[in-house]
Every structure is written in structure tokens, then in C-alpha cells.
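Chains as they are written, first to last, in the numbering used here: chain Y, 1 to 226; chain E, 227 to 281; chain P, 282 to 527. Backbone N, C-alpha and C define an ideal beta-carbon position, used for all residues, glycine too.
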Amino acid sequence: MSPAALTAIRLILQRDLRVAFRRPGQLLQPLVFFIMVTLLFPLGVSPELSRLREIAAGVLWAAALLASLLALEFLFREDAHDGTLEQQVLSGQSLTAAIFAKTLAHWLLTGLPLALVTPLAAASLGAPSASWAGIVVAVLLGTAALSLIGSIGAALTLGVRRGSLLLPLLVLPLSLPVLIFGARATQLAIAGAPYLAPLQLLAALAVLGVTLAPLAAAAAVRVSLE
Amino acid sequence: MSAFIHMGGYAAYVWPAYAVTLAVIALNIIGARRLLRRSIARARRRLAVAGEGAR
Amino acid sequence: MAWTWFHRLGSPPYVYALCARLTPWLAWPAALLIAGGLYAGLVLAPPDYQQGEGFRIIYVHAPSAWMSLMVYTVMALAAATGLVWRIKVAHAVAAACAPIGASFTFAALVTGSLWGAPMWGTFWEWDPRLTSELVLLLLYLGYLGLRSAIDDPQRADRASAVLAVVGVVNVPIIHYSVVWWNSLHQAASVMRIGKPAMPPAMLLPLLAVLAGFTLLFAALLLVRVRGEILERERGARWVAQELAQS
């Protein structure tokens with residue numbers, strides 16, 4: 001990758017983070033949503049931690065999937081509205097690098113905080129504190145893969161009416177492997193078993209996403225802005 | 227004949243499966259032909275409108 | 282020289298005429314193979330030693346499942362061709378594939394559930410094959426939804442093409458993750474498709490129906506492609522000539 005592209009990535013990253021911190025309310029939304037969903041289950045199922053522990057992995061991952069989906073809509077929408085994205089297409093700089101930078105910023109703003117609050121949610125579902133480290137790593141890798149997959153969906157639905165209804169339909173089927181491996185790693189961590197194998201599969205998905213998703217998302221952005 | 231329809235006790239599963247598949251095939255044939263017919267009609271209408279415009 | 286046939290396949294009037302000419306040559310063999318294969322499967326094939334007469338659902342389930350995957354692959358290949366070389370006809374092929382594939386995926390899902398029901402005791406079991414078909418159906422629905430949500434036909438073509446290519450990269454990943462997930466919980470599927478020990482009296486009808494479904498797909502595709510080409514060639518002069526002849 002050329003030094004110019006690296007500079008572009010750094011600049012876009014800085015800008016996106018700065019813009020996002022001007023609106024902290026929007027940043028907190030997915031986090032609050034995540035915590036709320038995980039709170040619904042103890043209230044809906046049972047207060048017994050032993051029973052909650054059995055469904056904890058599934059609950060955590062379904063909630064994380066929905067929370068990251070909620071945040072996806074903001075990934076490109078405002079930049080497409082005010083013309084920033086179009087300038088990035090026309091700038092002659094690699095659009096793939098720009099998309100990668102925006103996706104990275106999006107993950108730093110949603111996936112990372114989500115992973116940091118997971119121990120709270122995990123504790124409320126009866127996961128022992130010894131399992132938290134494994135769960136946090138799994139959520140870090142999983143949300144990275146979800147942000148990357150989601151960037152394709154967000155780019156495709158840019159110019160679409162009713163895009164917010166279409167986005168889940170496009171993204172959720174593609175996210176299924178992340179859910180499967182993430183939930184399995186979490187399950188094993190809670191049970192105190194070795195959880196490295198699903199974690200490695202999760203990392204493989206994230207690496208595959210890093211290499212392919214920005215390319216596809218850049219193609220989709222070009223189509224959407226045509 | 228009735229033994230054939232009975233399907234060794236699996237009639238309730240075999241016949242609906244065949245019915246659904248044949249229905250899907252029939253709907254596909256109808257749907258494809260309707261798509262073509264409608265496209266031709268639409269193209270004809272456009273041509274007629276264009277012809278009047280040129281006159 | 283050798284490439285002229287390929288270039289001609291990018292020309293809408295040529296493809297339109299070719300489709301019209303080829304359709305009956307595919308449709309009638311398809312009808313014969315499907316009718317013959319299903320008759321042989323229902324009447325001539327011996328019952329399975331384990332599943333009795335219930336196994337006869339294989340003659341509609343396996344071909345439907347085969348269609349669901351093959352059509353998605355064809356759709357993604359056509360979409361990629363359209364994206365890379367900007368060929369209108371390729372986009373027309375991809376657009377024509379989606380409803381066919383979605384409907385046969387639905388058929389595979391229903392027949393799979395009916396096949397499993399007597400063995401499992403319920404209509405739905407999280408069998409890896411059925412789960413994959415369900416996800417495939419969602420992928421088709423997403424493709425159709427994206428296409429119908431974009432008004433501009435060229436943008437709809439290109440956006441859905443990106444989605445189809447992304448989808449086809451993910452299909453094997455989804456399938457193996459589902460198999461991996463399922464292998465933790467229960468034994469392999471009851472649907473032993475492609476089992477090598479199948480006797481010829483069972484296997485031949487299946488092959489006939491498989492070939493018939495493939496030809497049927499080709500025939501349906503050709504009819505739909507003509508419609509899709511007409512929609513993309515608004516106001517082209519050859520359309521006036523073509524429609525004046527018929």
C-alpha cells in the first residue's frame with residue numbers, strides 16, 4: 001500500500017472519530033441497546049443464574065449482532081448526503097482504502113465499546129469472571145467481522161428507499177458464520193473448556209473480511225453514487 | 227393402486243412433497259411466460275407512443 | 282475469429298433471437314425427463330430398506346436442492362460477467378435467475394422438511410442441509426429485495442450483481458459453518474444424497490430428474506431472459522423489427 005493511501009486512511013480515521021465524538025448520543029445508542037436486550041432475558045426467562053448460563057452465549061451474540069446492525073446505518077449515510085463520499089470517489093485516492101478507514105472508525109466506535117461492556121452483560125447472565133477474557137476477545141474479533149460484512153450492506157443500501165428494512169435482510173444471512181463461531185467460543189469459555197479453535201475460525205473470518213469486504217463495499221459505493 | 231396411493235404409510239409426506247414441487251414448476255412456467263408477455267406488451271406500447279410522437 | 286461467438290453473446294438482438302429458437306429444444310426434453318424420472322421413481326424404483334416408501338421424496342427434494350445451488354452459481358457468474366465487462370445481457374441473465382432459484386429453494390426446504398418429518402417426529406429439525414437451504418432462501422430474498430428497492434434499472438443491475446458475488450463467496454463458508462455447528466450436537470443427516478451404494482433402479486430415475494430439472498431451468502431462463510432484455514432495450518431499433526415480425 002502506498003504511503004499516500006496510508007496518509008489518507010489516517011486522515012479519514014481522525015476525521016470520522018472527531019465527527020462522531022461531537023454526537024455522543026449516537027455513539028451510546030448501540031451500547032444501550034445491547035445492554036437492554038441482554039437485560040430482557042433474565043426478566044423473561046428466569047432469575048436463576050444456572051439456567052441463564054446455558055443461553056448466555058446465544059443471547060450475547062444475538063444482542064451484539066443486532067446492536068452492530070443498528071449502528072450500520074450511520075456508516076456511510078451522512079457522508080453520502082453531504083457529498084463527502086462523492087468527493088472521496090472523485091479524489092483519485094484509493095476508494096477501497098477510504099472505505100477501509102471508515103469501517104475501521106466504525107468498529108472503533110461500536111465494536112470496541114461493545115466488547116468492553118460485554119463483561120457486564122456476561123456477568124448478569126451468570127458467566128464466571130474467568131471466562132470474561134475469552135468472551136471479550138471473541139466479541140472483538142466478531143464485531144470486526146460484522147462491521148466489515150455490514151459495510152457491504154450499508155454501501156449497497158445507500159441510495160435505497162426503505163433501506164433500513166432491507167439492510168438486516170442483506171447482512172444477517174452473511175453474518176451467520178460469525179454468530180456460530182462467536183457463540184461457540186463464548187459457550188466454551190463459560191464452560192471453562194479450551195476455546196481457541198472457534199476463536200481461530202473467527203479470526204480467519206475477520207482476516208477474510210479485511211481483505212475482501214472493503215473491495216466489495218467500494219464497488220457498491222461506486223454503484224450507489226452513480 | 228390403493229397400495230400405491232398409500233405409499234407404505236408415508237402418503238402424508240410423499241404426496242405433499244410431490245405436489246409442492248410440481249406446483250413450483252407450474253408457477254415457474256406461468257411466471258416466465260407472463261413476464262415475457264408483459265415485456266412484449268410494454269415494448270409494443272412504447273413503440274406505439276414513439277411512433278405517434280414522430281408523426 | 283474464435284471469439285466472435287462470445288462477442289455475439291453480448292449482443293441483445295442476437296441473444297433474444299437465439300433464446301426464442303432454443304427454448305423448445307430444451308423445454309420438451311425437460312418435460313420428458315421429469316415425467317419419466319418421476320414415474321420411475323414413484324413406481325419402478327424399489328422401496329428403501331430403511332426408509333421404505335418415504336425415501337421416494339428424494340426424487341423431488343434432491344433435484345430442487347441441486348437447482349437452488351446451481352442457479353445461485355449461474356446467477357453469480359452472470360452477475361460477475363456483467364460487472365466486469367459491463368454486458369447488459371449478462372445482467373439480464375442474473376436477473377432472470379433469481380426468482381427461479383428462490384422458488385426451487387423454497388421447494389427444497391418444504392420437501393426436505395416433509396422427508397425428515399417421519400424420521401424426526403417433527404417438521405423442523407436443525408439439520409445442516411435444511412439450515413443451509415434456509416439461509417440460501419434468505420440470500421435470494423435479499424437479492425430480490427435489493428433489486429426491487431432500486432428504481433434505476435442499471436443501478437439495480439450493478440448493485441445486485443455486487444451482492445450476488447459477495448453471496449457466492451459466502452455460500453461455502455455459511456454451509457461449512459452450519460455443518461460444523463451441527464456436528465457438535467447430533468449425528469449426520471438422514472438425507473443420504475449421493476450415497477455411492479444406491480442401486481441403478483433407484484439412481485437412474487434420480488439422474489433423469491436431475492437432468493430434467495437442469496434443462497427446465499435452462500428453458501425457463503431463456504424465456505425470462507427475453508423479457509429482461511426487452512426491459513433493458515427500451516427504444517432500440519431492433520425491438521421494433523423483432524416485434525413487427527411476430
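Contact check for Ala-388/P against Ser-345/P passes: the beta carbons are separated by less than 7 angstroms. For Tyr-353/P, the enclosing alpha helix (DSSP H) starts and ends at 339-366.
Taking one beta carbon from each stretch, the region 152-162 of chain Y and the region 408-415 of chain P have fewer than 3 pairs nearer than 8 angstroms; the two do not touch. When secondary structure is reduced to three states using DSSP, Asp-329/P falls in the strand class.
Here Arg-259/E carries a helix assignment [DSSP, helix/strand/coil]. Between Thr-103/Y and Leu-148/Y, the C-beta gap is smaller than 7 angstroms, which places the two residues in contact. Here Trp-309/P is exposed, its C-beta having fewer than 16 other C-beta atoms within 10 Å.
Judged by DSSP secondary structure, Ser-124/Y falls within the alpha helix (DSSP H) whose first and last residues are 111-124.
Interface residue (Cβ-Cβ distance to chain P less than 7 angstroms): Pro-177/Y is classified as such.
By a beta-carbon distance limit of 8 angstroms, Ile-368/P contacts Gly-291/P. Their separation comes to about 5 angstroms.
In terms of Cα proximity to Leu-501/P, the closest of Gly-426/P, Ala-377/P and Arg-337/P is Ala-377/P.
Pairing Leu-261/E with Arg-428/P, the inter-Cα distance amounts to about 16 angstroms. Within a 10 Å sphere around the beta-carbon of Glu-414/P sit 16 or more other beta-carbons, which makes this residue buried. Neighbours of Ser-349/P across chain Y, judged by C-beta separation under 8 angstroms, do not exist; the nearest C-beta is about 14 angstroms away.
Under the Cβ criterion (8 angstroms, minimum of three pairs), the region 435-443 of chain P counts as touching the region 215-225 of chain Y. In this chain, Ile-431/P is not harboured by any alpha helix (DSSP H), its DSSP state being neither H nor E. By the Cβ rule, the region 491-510 of chain P does not count as touching the region 232-239 of chain E, because fewer than three pairs are nearer than 8 angstroms. About 32 angstroms separates the beta carbons of Gly-402/P and Leu-169/Y, which is beyond the 8 angstroms limit, so they are not a contact pair.
Rounded to the nearest whole angstrom, the CA to CA distance from Pro-24/Y to Leu-70/Y is 15 angstroms. Looking only at Ala-193/Y, Ala-127/Y and Ala-80/Y, the smallest Cα-Cα distance to Leu-49/Y is reached by Ala-127/Y. The beta carbon of Ala-219/Y falls within 7 angstroms of a beta carbon belonging to chain P, placing the residue at that interface. Pairwise C-beta distances place the region 49-62 of chain Y in contact with the region 174-193 of chain Y, as three or more of them are shorter than 8 angstroms. Neighbours of Ala-379/P across chain Y, judged by C-beta separation under 9 angstroms, do not exist; the nearest C-beta is about 14 angstroms away. Below the 8 angstroms Cβ cutoff, chain P contributes Val-443, Val-446 and Val-447 as neighbours of Ala-216/Y, in chain order. In this structure, Val-352/P sits near Ile-381/P, with a CB-CB distance shorter than 7 angstroms. Using a Cβ-Cβ cut-off of 8 angstroms, Leu-419/P is close to Leu-169, Leu-172 and Pro-173 of chain Y, given in chain order. Val-355/P and Ile-510/P do not touch by the CB rule: their CB atoms are close to 17 angstroms apart, not below 8 angstroms. Val-490/P is positioned such that its CB atom lies no closer than 7 angstroms to that of Gly-333/P. When 8 angstroms is used as the limit between beta carbons, Ala-430/P is near no residue of chain E, the shortest such separation being about 19 angstroms. Pairing Val-136/Y with Ala-123/Y gives a Cβ-Cβ distance that is not under 7 angstroms.
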